[in-house]
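Numbering-wise, the sequence shown is residues 8 to 349 according to the working numbering.
By construction, the Cβ of each residue, glycine as well, lies at the ideal position given by its N, Cα and C atoms.
One structure is given here, and the rest of the page talks about it.
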Amino acid sequence: MEKKVKRRLIVVSNRLPFQLHEKKKSVFMKESEGGLVSALKSYFELEQNKDSFSSVLWIGSADFPQPRWEKYLENPRKGGSFDVEPIFVETKTYNRYYNGFCNATIWPLFHYFPSLVEFDEETFQSYEEVNHLFAEKLLSILQPDDILWIHDYQLMQLPGLIRGRMPQATIGFFLHIPFPSFEIFRLLHKPWKEKIVGGMLGADLIGFHTHEYVQHFLKTVQMVHGFDTQFRTIVMREKTVKAEMFPLGIEFDKFHNAASDPKVSERLKQIQDNFQNKKIIFSVDRLDYTKGVTHRLSGFERFVDQHPGWRDKVVFILLIVPCRQIISKYNERKKMIEERVA
8 MEKKVKRRLI VVSNRLPFQL HEKKKSVFMK ESEGGLVSAL KSYFELEQNK
58 DSFSSVLWIG SADFPQPRWE KYLENPRKGG SFDVEPIFVE TKTYNRYYNG
108 FCNATIWPLF HYFPSLVEFD EETFQSYEEV NHLFAEKLLS ILQPDDILWI
158 HDYQLMQLPG LIRGRMPQAT IGFFLHIPFP SFEIFRLLHK PWKEKIVGGM
208 LGADLIGFHT HEYVQHFLKT VQMVHGFDTQ FRTIVMREKT VKAEMFPLGI
258 EFDKFHNAAS DPKVSERLKQ IQDNFQNKKI IFSVDRLDYT KGVTHRLSGF
308 ERFVDQHPGW RDKVVFILLI VPCRQIISKY NERKKMIEER VA
């Protein structure tokens, strides 16, 4: 039986899965937070996936200066199951791309908050510019047998840019956020719609979390570009593209076993000692209007109003991780939560 040849996997995301910090002239690595990094690292750490590829290279933009990276390369340490390659984007361009088009336009629109969407041609131009920077980097290192796996809404144009220069490339794309109904997506300017959908169609396989998101995308493809679909397959002039559902989960054993860690047990005892004989409700999320934090506070308030017997018997621990602090909507949300708690 002929042995199957392993191929190199190239993972592409907006950010690298780690940050570089410098302290006392020493450079050290710290793992980044976020669901995308957690999900992919868990995938690569699973025993059955460790030998699936000849090697894994992770490419993303760097949130550290280039001189720090060069210093790190003097004594590099491999990032677990993969190598990394940073892309350095000029700060002003990156802010317009990430805090502008990605998180002030796409994020609220795709999460059904159209009233919060900002329409700014300059930020879309920066979005295109950064996607082209990623494309140029990839084209300089891609080999014919590589498998390219592109992630999330920050890089929706990228598959099409690669396909235009490397027609035979093997490309997968996964969207980690919802894909909205066409009635919402159509609010984008016509050129933006066409370029975003056209970019995603550069992939061979496009993944979504749910059946609903797949159907929304197929309808959008038909309305924006006029391509017919058959059983989740998009029939284009020169090729076919498959859109499928891949529900993303977590590595259950890793989180389940953490409960028996001595450090976790010690911290648990401290919390229980602090709140003896009280029911504890624990909540953790990023500071984001899509997470419903203010609704949780309202729900807790209503609970103790309607059931006064529970007052002083239950404590609500609310852990909120700051994010995207440069965007005004997030600062407004922080102020709103603090006022509600006070």
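If only complete runs of 3 or more residues are kept, the segment 285-313 shows the beta strand (DSSP E) at 286-293, in order along the chain. For glutamate 346, the closest of Asp312, Leu304 and Pro329 by C-alpha to C-alpha distance is Leu304. In the three-state scheme derived from DSSP, where H, G and I count as helix and E and B as strand, arginine 193 is classed as coil. Inclusion of tryptophan 65 and phenylalanine 35 in the CB contact set at 7 Å is not warranted, their separation being larger than that value. Around the Cβ of leucine 168, a 10 Å sphere holds 16 or more other Cβ atoms; the residue is buried. For the alpha helix (DSSP H) assignment, the uninterrupted runs of no fewer than 4 residues enclosed by the segment 191-274 are, from N- to C-terminal side, 197-207, 218-232 and 259-265. Put simply, the backbone Cα of aspartate 159 is about 23 Å away from that of arginine 14. For lysine 144, the uninterrupted alpha helix (DSSP H) run begins and ends at 128-148, by DSSP.
Here glutamine 164 is near glycine 206, since their CB atoms are less than 7 Å apart.
DSSP places glutamate 77 in the uninterrupted alpha helix (DSSP H) bounded by 73-79. Residue pairing from DSSP places arginine 22 in a beta bridge opposite Ser68. In the structure shown, lysine 37 falls within a strand segment according to DSSP collapsed to helix, strand and coil. Listed as beta-bridge partners of proline 93 by DSSP are Gly67. Assignment of phenylalanine 180 by DSSP, reduced to helix, strand and coil, places it in the strand class. The segment 236-244 makes no contact with the segment 186-204: fewer than 3 CB pairs, one atom from each, lie closer than 8 Å. Between phenylalanine 192 and threonine 227, the C-beta gap is smaller than 7 Å, which places the two residues in contact. Here the segment 279-291 lies against the segment 323-332, with 3 or more beta-carbon pairs under 8 Å apart. In the three-state reduction of the DSSP assignment, glutamate 346 falls in the helix class. Nearest neighbour of arginine 293 by Cα position, chosen from Leu255, Gln283, Lys249 and Asn338, turns out to be Asn338. In the three-state reduction of the DSSP assignment, valine 322 falls in the strand class, which pools E and B. Looking at the DSSP output, leucine 155 bridges to Ile17 and Ile178. Assigned with DSSP and collapsed to three states, valine 328 falls in strand.
Annotated three-state conformation of lysine 30 is strand, per DSSP.
Exclusion of the five residues before and after valine 311 leaves Trp317, Arg318 and Val321 as the residues of its chain whose Cβ lies within less than 8 Å of its Cβ. Collapsing the DSSP output to three states places valine 12 in coil. Beta-carbon to beta-carbon, isoleucine 213 and alanine 250 are separated by about 5 Å, close enough to satisfy the 8 Å threshold. About 4 Å separates the CB atoms of phenylalanine 71 and leucine 27; that is less than 8 Å, so the two are in contact. In the structure shown, the three-state DSSP call for glutamate 125 is coil. As the crow flies, the alpha-carbon of valine 231 is around 54 Å from that of lysine 31. With the rule of 3 Cβ pairs closer than 8 Å, the segment 110-119 does not count as touching the segment 135-150. Restricting attention to Ser33, Asn102 and Thr100, the CA atom closest to the CA of glutamate 77 is found in Ser33. Looking only at Asn21, Leu208, Ser62 and His183, the smallest Cα-Cα distance to valine 248 is reached by Leu208.
For asparagine 102, the enclosing alpha helix (DSSP H) has its first and last residue at 98-102. Beyond the five residues adjoining it in sequence on each side, serine 59 comes within less than 8 Å, by CB distance, of Lys13 and Leu16 in the same chain, given in chain order. Between glutamate 38 and arginine 75, the C-beta spacing is not below 7 Å. Here phenylalanine 108 carries a helix assignment [DSSP, helix/strand/coil].
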